[in-house]
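Working notes, structure below.
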Amino acid sequence: MAKEKAVKNLGGAPPEPIGRPTDYSPELADIICERLADGESMRSVCRDTTTPSMTTIFRWLREKEDFRKQYEIAVNERTEAMAEDIVDIADNATNDWMERNGDDNEGYQLNGENIQRSRLRVDVRKWHMSKMKPKK
Numbered sequence: 001m002a003k004e005k006a007v008k009n010l011g012g013a014p015p016e017p018i019g020r021p022t023d024y025s026p027e028l029a030d031i032i033c034e035r036l037a038d039g040e041s042m043r044s045v046c047r048d049t050t051t052p053s054m055t056t057i058f059r060w061l062r063e064k065e066d067f068r069k070q071y072e073i074a075v076n077e078r079t080e081a082m083a084e085d086i087v088d089i090a091d092n093a094t095n096d097w098m099e100r101n102g103d104d105n106e107g108y109q110l111n112g113e114n115i116q117r118s119r120l121r122v123d124v125r126k127w128h129m130s131k132m133k134p135k136k
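Note that this note's numbering has the sequence shown beginning at 1, numbered continuously upward.
Quick look at the structure:
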């Protein structure tokens, strides 16, 4: 039965590729670098099944000078995007205060968890930026 399916497929359209893309194309490189420049991490980009694995991208960086240059520009742009994120995170006071609902209803209470999470988000971005562009 399996042989019949394989034989039938030989005369028809080529089968859909299975798995992640591994062949380099300028269009795929553009998509990857655009997502990196927008602030996504390489790991996040590679989680998508329409993009290659990190191993494949690292191989392209070693083998393809045009992709390496495009990648370096995207990483620099990502650093700028992270700087913009820091300002947005620091300026956003949403959920810094919680309304107290209880018998003693004392008004509002500081939401320390939200403030600590915002501080962590800023610190992680600052640390990451310091590794990507240590002189800046």
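The beta carbon of each residue, even a glycine, is placed where N, CA and C say it ideally should be. If you're wondering where the values come from, they're calculated on a predicted model, not measured in any experiment.
- Message: DSSP has SER97 in a bridge; who is on the other side?
- Response: Within the sequence shown, residue 97 is the residue found at index 97, counting from 1. Just to set this straight, residue 97 is Trp in the shown sequence, not Ser. Its beta-bridge partners are LEU110.
- Query: Do ARG20 and SER53 have their CB atoms nearer than 9 Å?
  - Reply: As a working note, residue 20 is residue 20 in the sequence shown. As a working note, residue 53 is residue 53 in the sequence shown. Yes.
- Among the residues of its own chain, which have a CB less than 7 Å from the CB of VAL75, if the five just before and after it don't count? Indexing the sequence shown from 1 puts residue 75 at position 75. Same-chain partners within the cutoff: LEU36 and MET132.
- Can you check whether the CB of ASP38 is closer than 9 Å to the CB of ALA83? The residue given as residue 83 occupies position 83 in the sequence shown. The residue given as residue 38 occupies position 38 in the sequence shown. It is not a contact, given that the beta carbons lie outside the stated cut-off.
- Along the alpha helix (DSSP H) that carries SER44, what are the first and last residues, could you check? Indexing the sequence shown from 1 puts residue 44 at position 44. Looking at the DSSP string, the run of the alpha helix (DSSP H) that includes SER44 is 42 to 47.
- Buried/exposed call for VAL124, threshold 16 Cβ in 10 Å: The sequence position of residue 124 within the sequence shown is 124, counting from 1. Exposed.
- Where does ASN76 sit, in a helix, a strand or coil, going by DSSP? Position 76 of the sequence shown, counted from the start, is the residue given in the question as residue 76. Of the three classes helix, strand and coil, the one that applies to ASN76 here is helix, per DSSP.
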